[in-house]
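S.K.:
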Amino acid sequence: MITEIGHFALIVALCVAVLQASLPLYGAARGDGALIAWARPAALAQFLFVAIAFFALMHAYAVSDFSLANVAANSNSTKPLLYKLTGVWSNHEGSMLLWVFILALFGAAVALFGQNLPPALRARVLAVQAMIGVGFLLFILFTSNPFLRLWPVPADGMGLNPILQDRGLAFHPPCLYLGYV
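Positions 4 to 184 (my numbering) are the ones given, in order, by the sequence shown.
#1: Do the segment 66-86 and the segment 19-29 make contact, defined as three or more Cβ pairs closer than 8 Å?
#2: Using a Cβ-Cβ cut-off of 6 Å (strictly less than) and excluding sequence neighbours within five positions of S80, which residues of its own chain qualify?
#3: What is the residue span of the alpha helix (DSSP H) that T6 lies within?
#4: Mind listing, in chain order, the continuous alpha helix (DSSP H) runs of no fewer than 4 residues lying wholly within the segment 88-127?
#5: Checking the sheet assignment: what are the DSSP bridge partners for R152?
#6: Does I143 pass the burial test, meaning 16 or more other C-beta atoms within 10 Å, or should it be called exposed?
#7: State yes or no: is the C-beta of L140 within less than 8 Å of the C-beta of L17?
#8: Short check: CB of A45 to CB of V19, under 8 Å?
#9: Tell me the DSSP secondary structure of C81 in three-state form.
#10: Do the CB positions of F150 and L51 come within less than 8 Å of each other?
#11: Within the continuous alpha helix (DSSP H) that includes F57, where are the two ends?
#12: Below 8 Å, how does it come out for the segment 165-180 and the segment 81-91: are there three or more Cβ pairs, yes or no?
#13: Please determine, among M134, T146, R127 and G9, the residue with the shortest C-alpha to C-alpha distance to G30.
#14: Given V156, which residues of its chain have a CB within under 7 Å of its CB, disregarding the five upstream and five downstream residues?
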């Protein structure tokens, strides 16, 4: 059930990102303060829904939910919790979700702490961030969905790639993505 919530949260995040990309940008072009005001709550909502999806995937790894193809391919019930959780971003689907999570985090930071920016500029910045988010969310949902189900459910997962079984995996990709985004 939690994984369905995560998948649904990605869909809602995409819808919110489309609104965030269009309404504030149109409002900034027209000088419409009501449309500009959509930028802040939309950026915060987008972050909330992407965070729900990201933590739903982390939960699936933590409890070894092998009904997800992503978890079955990159985790194992005997692995320590550290390797289970880092398995979230040790694969293409999870790393794309981590990327969108950090992108939405930065958008939420601009929404919360960018009060010193002129409203039209802040709306444009958040609209561009949302356009990038729309692209990544579409890519995730249509080509790299981390919430795809397996049937029949395997008894155990294949495990994390042995090359990636290092404590550095816990820090390296998130720090790298913080710099990229």
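Ideal placement from N, C-alpha and C gives every residue a C-beta, glycine not left out.
M.R.: In brief:
#1: no
#2: S67 and D159
#3: I5 to R33
#4: 95-116
#5: L71
#6: buried
#7: yes
#8: yes
#9: Cys is not the amino acid found at residue 81; the sequence shown has Thr there. Correct three-state label for T81: coil.
#10: no
#11: A42 to A65
#12: yes
#13: R127
#14: F69 and S70
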